[in-house]
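As given, the protein sequences belong to chains A and B, one line each in that order. Each residue of the first sequence is one higher than the last, beginning at 482 in my numbering. Each residue of the second sequence is one higher than the last, beginning at 29 in my numbering. Virtual Cβ for every residue (Gly too), placed ideally from N, Cα, C. On a predicted model such as this, the values are computed, not experimentally measured, just so you know. Only one structure is covered here, and it is reproduced in the block below.
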Amino acid sequence: MKKSSAIAIGVMALFAAGNLQAATQADFEKSQADAKAATAEARSLGFEWRDTGKMLKKAASAAAKGEFDTAIKLANTAKAQSDAAVAQAHTQAKQWRNSVPK
Amino acid sequence: MKKTTAALILGMGVAFIAGAAQASPQDDLKAYQAYFTKKFPDVPYKDYVNGVYSLDKASREQWESIEEFPPYEINIEEGEDLWNEPFANGKGYADCFPSYKNGLRADYPYFDTASGQVKTLELAINECRELNGEKPLKWKTGGMVSISSYLSYLSRGQKINVKIPNAAAAAAYEKGKRHYYSKRGQLNFSCANCHVDSSGSKVRADLLSPGLGQVSHFPVYRSKWGGMGTLHRRYGGCNKQVRAKPFKAQSEEYRNLEYFHTYMSNGLEWNGPGVRK
Numbered sequence: 482m483k484k485s486s487a488i489a490i491g492v493m494a495l496f497a498a499g500n501l502q503a504a505t506q507a508d509f510e511k512s513q514a515d516a517k518a519a520t521a522e523a524r525s526l527g528f529e530w531r532d533t534g535k536m537l538k539k540a541a542s543a544a545a546k547g548e549f550d551t552a553i554k555l556a557n558t559a560k561a562q563s564d565a566a567v568a569q570a571h572t573q574a575k576q577w578r579n580s581v582p583k
Numbered sequence: 029m030k031k032t033t034a035a036l037i038l039g040m041g042v043a044f045i046a047g048a049a050q051a052s053p054q055d056d057l058k059a060y061q062a063y064f065t066k067k068f069p070d071v072p073y074k075d076y077v078n079g080v081y082s083l084d085k086a087s088r089e090q091w092e093s094i095e096e097f098p099p100y101e102i103n104i105e106e107g108e109d110l111w112n113e114p115f116a117n118g119k120g121y122a123d124c125f126p127s128y129k130n131g132l133r134a135d136y137p138y139f140d141t142a143s144g145q146v147k148t149l150e151l152a153i154n155e156c157r158e159l160n161g162e163k164p165l166k167w168k169t170g171g172m173v174s175i176s177s178y179l180s181y182l183s184r185g186q187k188i189n190v191k192i193p194n195a196a197a198a199a200a201y202e203k204g205k206r207h208y209y210s211k212r213g214q215l216n217f218s219c220a221n222c223h224v225d226s227s228g229s230k231v232r233a234d235l236l237s238p239g240l241g242q243v244s245h246f247p248v249y250r251s252k253w254g255g256m257g258t259l260h261r262r263y264g265g266c267n268k269q270v271r272a273k274p275f276k277a278q279s280e281e282y283r284n285l286e287y288f289h290t291y292m293s294n295g296l297e298w299n300g301p302g303v304r305k
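What follows is the structure, encoded as structure tokens:
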């Protein structure tokens, strides 16, 4: 193998190793905080979705068992749903009147 | 042009534009009624209070046979017993509602200007209890539903006649209207998507009932519940079905929704309690 190729592979391997580092409690807490903030905003607008609360609880349970990858995935899904709920609230604020029979 | 004339013309112009931007409740009602009478020209107007049974002959026949021995009868009887049972202080519901036999159901919902909120029948029942030192009843099932069934039964045939007496009431109506027409939940549906746009269509095995006349038969025995429930119980279920987090029964959100929703059936008759699939 060429030296440059070996170096390239070595660098890529280091990158991969960095990305495969196990998720931590701190990582989860960041995801959880972001998800909770988004859900709180959706709630304040009256547009919270049905399942985000449950997801956050499941995320916390997984984190308590040290299953941080699962916990972060759940928290991130909750955040994504709540972000969508907030966007829905803002869109509907502008558009709801369009549906009223004239 | 004189300053005052110019100001007057400008003011009238602004008022005209503002008026054109927001329809009045009366205009809303006319448009809502016209939508359904155009969509379902063969439905006799009074029959809208029977929901899907005004649209589908086969399910109407099943429903009529259920109505011969309706499952809510036991709740009417229980409701009458609960109504007549005195409170610990010796008083009773009749002291809060002396003319209840005239059709109490038809007095609700109404906008209470003093407290600045919509008052529903269930809210008034619990207010009476608390006024007399009694614990409030649960909102969606149990004794509350039986009392509501009894009062609804006594009010059968009364006209739905929700009033909007002032600007604060109009604001509550507008909030209810906004909930009704706003898409919500992960499935992104509004009340109107199902009960206006898709009324008469099927969602899986069920027909979607028209919004016109929809509140008249509550409280309702639903086969799906295997029991009775209030309008707000159904609101919560509908919100959950579109994967929106439900509001609490008798929350301001649902009382405003009930206010708008009931106004949209003004002129039709109260016919509760009812039976539905």
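Taking the Cβ atom as the reference point for each residue, do residue i and residue j lie within a distance shorter than 8 angstroms?
i	j	result
B/Y208	B/C219	yes
B/G213	B/N267	yes
B/P247	B/G300	yes
A/L555	A/A566	no
A/A552	A/A540	yes
B/Y287	B/V146	yes
B/N112	B/V173	no
B/S226	B/L236	yes
B/K273	A/R531	yes
B/V224	B/Y63	yes
B/L149	B/S176	yes
B/S244	B/L165	no
A/K560	A/D515	yes
B/V303	B/P114	no
B/T169	B/R261	yes
Could you check if residue i is buried or exposed, using at least 16 other CB atoms within 10 Å of its CB as the buried criterion?
i	result
B/S317	Nothing about residue 317 of chain B can be read from this structure; chain B reaches only from 29 to 305.
B/G185	exposed
A/K575	exposed
B/L151	buried
B/N78	buried
B/S180	buried
B/D109	exposed
B/Y291	buried
B/V190	buried
B/D56	buried
B/H289	buried
B/A43	Residue placement at B/A43 is flagged as unreliable, the pLDDT there being 44, under the threshold of 50; the coordinate-derived value follows with that caveat. By the neighbour-count rule (16 or more Cβ atoms within 10 Å), B/A43 is not buried but exposed.
B/K211	buried
B/A35	Note that B/A35 has pLDDT 49, beneath the 50 cutoff, so the model's placement of it is unreliable and no number is given.
A/F509	buried
B/T65	exposed
B/E96	exposed
B/S293	buried
On the DSSP letters alone, give me the boundaries of the alpha helix (DSSP H) that residue i sits inside.
i	result
B/Y287	E280 to Y291
B/R250	Taken as a continuous stretch (DSSP letters only), B/R250 belongs to no alpha helix (DSSP H), being part of the beta strand (DSSP E) at V248 to R250.
B/D123	Y121 to C124
A/T520	Q506 to S525
B/K203	A195 to Y209
B/T169	Unbroken run through B/T169: none, as it is neither H nor E.
B/R88	K85 to I94
B/Y63	P53 to K67
A/W530	Counting along the chain, A/W530 falls outside any alpha helix (DSSP H), and DSSP gives it neither H nor E.
B/L335	What is shown of chain B runs 29 to 305, which leaves residue 335 of chain B out entirely.
If you follow the beta strand (DSSP E) that residue i is part of, which residue opens it and which one closes it?
i	result
B/D140	Y138 to D140
B/K147	Q145 to K147
B/R304	G302 to R304
B/G257	G255 to G257
Can you pull the chain A neighbours of residue i, defined as C-beta to C-beta under 8 angstroms?
i	result
B/N216	Q569
B/Y63	P582
B/V224	S580 and P582
By the criterion of Cβ-Cβ separation under 8 angstroms, what are the contact partners of residue i in chain B?
i	result
A/Q562	Q214
Using a C-beta to C-beta distance shorter than 7 angstroms, which residues of chain B count as neighbours of residue i?
i	result
A/Q573	S210 and K211
Residue i versus chain A: which residues are under 9 angstroms apart at the beta carbon?
i	result
B/Y14	In the structure as shown, chain B begins at 29 and stops at 305. Residue 14 of chain B is therefore absent and cannot be evaluated.
B/Y76	Here the premise fails: no neighbours, minimum Cβ distance about 15 angstroms.
B/V243	Residues of chain A passing the Cβ test: none, with the nearest at roughly 18 angstroms.
Chain A partners of residue i, CB-CB under 7 angstroms?
i	result
B/Y60	P582
B/A220	S580
B/D234	Those within 7 angstroms of B/D234 in chain A number zero; the least Cβ separation is about 20 angstroms.
What residues from the stretch 193-216 of chain B come within 9 angstroms of chain A, judged by C-beta to C-beta, listed N to C? Listed by position along the chain: K205, R206, H207, Y208, Y209, S210, K211, R212, G213, Q214 and N216.
Which of the residues in the stretch 258-287 of chain B, read from start to end, lie with their CB under 7 angstroms from any CB of chain A? The residues in question are K268, R271, A272, K273 and E281.
What are the residues in the stretch 524-543 of chain A lying within 9 angstroms of chain B by C-beta distance? Those residues of the stretch 524-543 of chain A that come within reach of chain B (Cβ to Cβ, closer than 9 angstroms) are R524, G527, F528, E529, W530, R531, D532, T533 and G534.
Residues of the stretch 139-157 of chain B whose Cβ lies closer than 7 angstroms to any Cβ of chain A, in chain order: Residues passing the 7 angstroms Cβ filter: none.
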